[in-house]
Structures are given as C-alpha cells and as structure tokens.
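Enquirer: Numbering-wise (the working numbering), the sequence shown opens with residue -13 and increments by one.
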Amino acid sequence: MEVRALAERLGIRPTKKLGQNFVHDPNTVRRIARLGELGPEDVVLEIGPGLGSLTLALLPASAGVVAVEIDEVLADALPDTVSRHAPALADRLTVLRMDALRLRASDLPVAPTAVVANLPYNVGVPVLLHVLEVLPSLRTGLVMIQSEVVDRMAAPPGGREYGAPSAKLAWYAAARRAGPVPRAVFWPVPGVDSALLQITRREPPPTPASREAVFAVVDAAFAQRRKALRGALATWAGSPARAEEILRAADIDPTTRAERLSIEDFARVAANR
Ligand code: SAM
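1) With a Cβ-Cβ cutoff of 8 Å, do Asn13 and Phe172 count as a contact?
2) To the nearest angstrom, how far is it from the Cα of Asp62 to the Cα of Val54?
3) Which whole runs of the alpha helix (DSSP H) in the region -11 to 28 are 4 residues long or more, in chain order?
4) What residue from Gly149, Gly165, Arg162, Ala164 has the CA that sits closest to Ala206's CA?
5) Classify Pro191 as helix, strand or coil using the three-state DSSP reduction.
6) For Gly110, report the span of its alpha helix (DSSP H) as first-last.
7) Taking the alpha carbon of Arg(-5) as the reference point, which residue from Leu37, Ala195, Glu27 has its own alpha carbon closest?
8) Starting from Met130, follow the beta strand (DSSP E) in both directions and report where the run begins and ends.
9) Just checking my contact of Thr193 with Ala253 at CB under 8 Å: how many whole Å lie between their CB atoms?
10) What is the DSSP secondary structure of Gly224, reduced to helix, strand or coil?
11) Could you work out which residue in Ser48, Leu40, Val15 is closest to Pro26 when comparing CA atoms only?
12) Taking its Cβ as the centre, do 16 or more other Cβ atoms sit within 10 Å of Lys3, making it buried, or is it exposed?
13) Tell me whether Pro95 sits in a helix, a strand or coil according to DSSP, three-state version.
14) Compare the C-alpha of Arg163 against each of Gly22, Asp11, Thr99 and name the closest.
15) Beta-carbon within less than 8 Å of Leu124's beta-carbon, same chain only, minus the 5 sequence neighbours each way: which residues are those?
16) Given the structure, does Val308 come close to the ligand SAM, in the sense that its CB is under 7 Å from one of the ligand's heavy atoms?
17) Under 8 Å Cβ to Cβ from Arg78, same chain only, skipping five residues before and after it: list those, please.
18) DSSP three-state label for Ser48, please.
19) So, does the region 106 to 116 touch the region 65 to 75, judging by three or more C-beta pairs under 8 Å?
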C-alpha cells in the first residue's frame, strides 16, 4: 500500500495535533502484527488506524479488527481501503469514528482481546490507560509510542524513569520494551524515536481501596517526587503527621520517595487512609 499516494488522493495533510505519522514500511507493520502474538480467536482493538497499513496486517492475523479513528476523513476511507487491498477480509473490520479517550465497552460490537496500535504520541499514555480501564476483555497489547515513553511505561520501581504512568500501568498489566522502531518507517518522519511496548494483563493488587483512591496516592506522591513521602503526601493525608501515620501503618518508611514504591505499596497506602 502506498500511503503517500493514498493520503494525496484523500486530500490528507498529516497533522501534529493528531499525532499523524503513518507507517509506510511493510516490514514494520508485519513485525508489529507478529509481536502482537495474535491467534485466530483474537479480536483486535486498533487505535488510530490512520491510512490502514497496520490494519491490513492485523486482519489476516485475527478474527477481526475494531478500529477507532478520530479523524473523519481517515475513518470514512478505511473500509474502502481494506475492500480494495484485502476484499476477502473486509467483513472482519469495524470502524468507529470517535475519540479513543471517550471509548466505552458499549460502543463496541464485540469485546476485544488485544490492543495493537501505532498510538498518536500526544495522547498515547492516557489512551492506553483508558482502554485498559474500560475494556477488561483486553488480555494483551502491543503498542508503538515514543521511545522514552516506552522506557517510562516499562520501568520498574527504583529509578528515574519510574513514575506515575509506570505505576498506573502496573495496576493493569505487566509491561516490557519490545524493541526500537527506526524513524525512517514513518511519513512524515517524526522528530522523536519510537519503540514497541508489549503488555500482558494481570490482576490488580488485592486491596480494599478503589482504583481511583490508589491512583490519587500515586498522583500526589509523584507530584512532588523529590520529597520524602511524609511531605509529598501531607496535603493528600491532611497533615505531615497523618501522612507519616498512614505510611507506617502501610509498612513504608516515611522518609522514602515515591519512586521506590510499587503499585502494591501504593495500594497499601490508599487502604490505610
Ligand atoms: N496506524 C496508522 C499507521 O501506523 O500508519 C496511523 C498511526 S498515527 C501515529 C496515529 C493515528 O491516531 C492517526 O490516524 C490519528 O488521526 C489518530 N488519532 C489521534 N488522536 C486520536 C484519538 N484521540 N482517538 C482515536 N484516534 C486518534
């Protein structure tokens, strides 16, 4: 598929605002589909199908693809693109023209089992966390995002790269970096490096606290990540003394910092409030 020729025919000018960098390299889309480890039973959620190059690689590897695209022209053109390049697979495709950040399970005709996407960079992390939240049927994922963001999302506790997004993703899934992607595979060529993030759903830590309550602790702790937790959580708890009490009850040293806490630790803090 010639993405530039198709874009020209549709009158598409890729915008930065929507993170529109389209993959034109067939090896890259095949690699993404392969690393997605899809089986014939899998229903794939693709966020931001764009001109459809990845979609065309996902269709033969799965039972079906639900593609969610915010750009009206791209969403409307996708069924036609698939009919022309893979007519036998066209009935496996469903296109939803909407913002993936607003997606609900009830918008989908079937429950997707895997998310595979070349995510728009500006909203990659919130979109990924959102679909994991609202679609418990998702078991696995393979997404392409900015390389530094992949490192942050996959970071274990203890280092500089570990932050609120890593801790929140760990609530839903185990994540690992699955390799770099060269800039040259995109049109237009982006100003940043990209990489692949592989995720596997897991059970959230067992806790009486709600997910919202746990994420509130994560946000408060990382908002002042250089501070000792006693201070960083003072406003959240009501006072530094109360923060210290909660931390001790959760078996956490009040002088330690946010970056040392696993999602299980944050869950214990939330449960002791
Ligand atoms: N999958 C295509 C590819 O690999 O060539 C396009 C990937 S491009 C990086 C990101 C795509 O996401 C664009 O098609 C863009 O219009 C779409 N997009 C941006 N923001 C979105 C949102 N909030 N919801 C759904 N799609 C979005």
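Even for Gly, the Cβ is constructed at its ideal location relative to N, Cα and C. Note that the structure is a prediction, hence the values are computed from the model and not measured.
Expert: Taking the definition as stated:
1) Between Asn13 and Phe172, the C-beta gap is not smaller than 8 Å, which leaves the two residues out of contact.
2) Roughly 11 Å separates the two Cα atoms.
3) Complete alpha helix (DSSP H) runs here, min 4: -11 to -4, 12 to 21.
4) Among Gly149, Gly165, Arg162, Ala164, the Cα nearest to that of Ala206 is on Gly149.
5) Residue state for Pro191 is assigned as coil, using DSSP reduced to three classes.
6) 110 to 120 is the span of the alpha helix (DSSP H), which, as asked, contains Gly110.
7) Looking from the CA of Arg(-5), the closest CA among Leu37, Ala195, Glu27 belongs to Leu37.
8) Run containing Met130: 126 to 132, per the beta strand (DSSP E) assignment.
9) Confirmed, Cβ separation roughly 4 Å.
10) It is coil, neither helix nor strand.
11) The residue among Ser48, Leu40, Val15 with its C-alpha nearest the C-alpha of Pro26 is Ser48.
12) In the assembly as shown, Lys3 is an exposed residue. Its beta-carbon has fewer than 16 other beta-carbons within 10 Å.
13) Reduced to three states, the DSSP call for Pro95 is coil.
14) Here the closest residue by C-alpha is Gly22.
15) Excluding sequence neighbours, Leu124 sits near Leu31, Pro98, Thr99, Ala100, Val101, Val117, Leu118, Arg187.
16) Residue 308 falls outside the range modelled here, since the chain spans only -13 to 259, and no answer is possible.
17) Apart from sequence neighbours up to five positions away, the residues of its chain that approach Arg78 with a beta-carbon distance below 8 Å are Leu45, Ser48, Ala49, Gly50, Val51, ordered along the chain.
18) In this structure, Ser48 counts as coil in the three-state DSSP scheme.
19) The region 106 to 116, when compared against the region 65 to 75, does not touch it at the 8 Å Cβ threshold.
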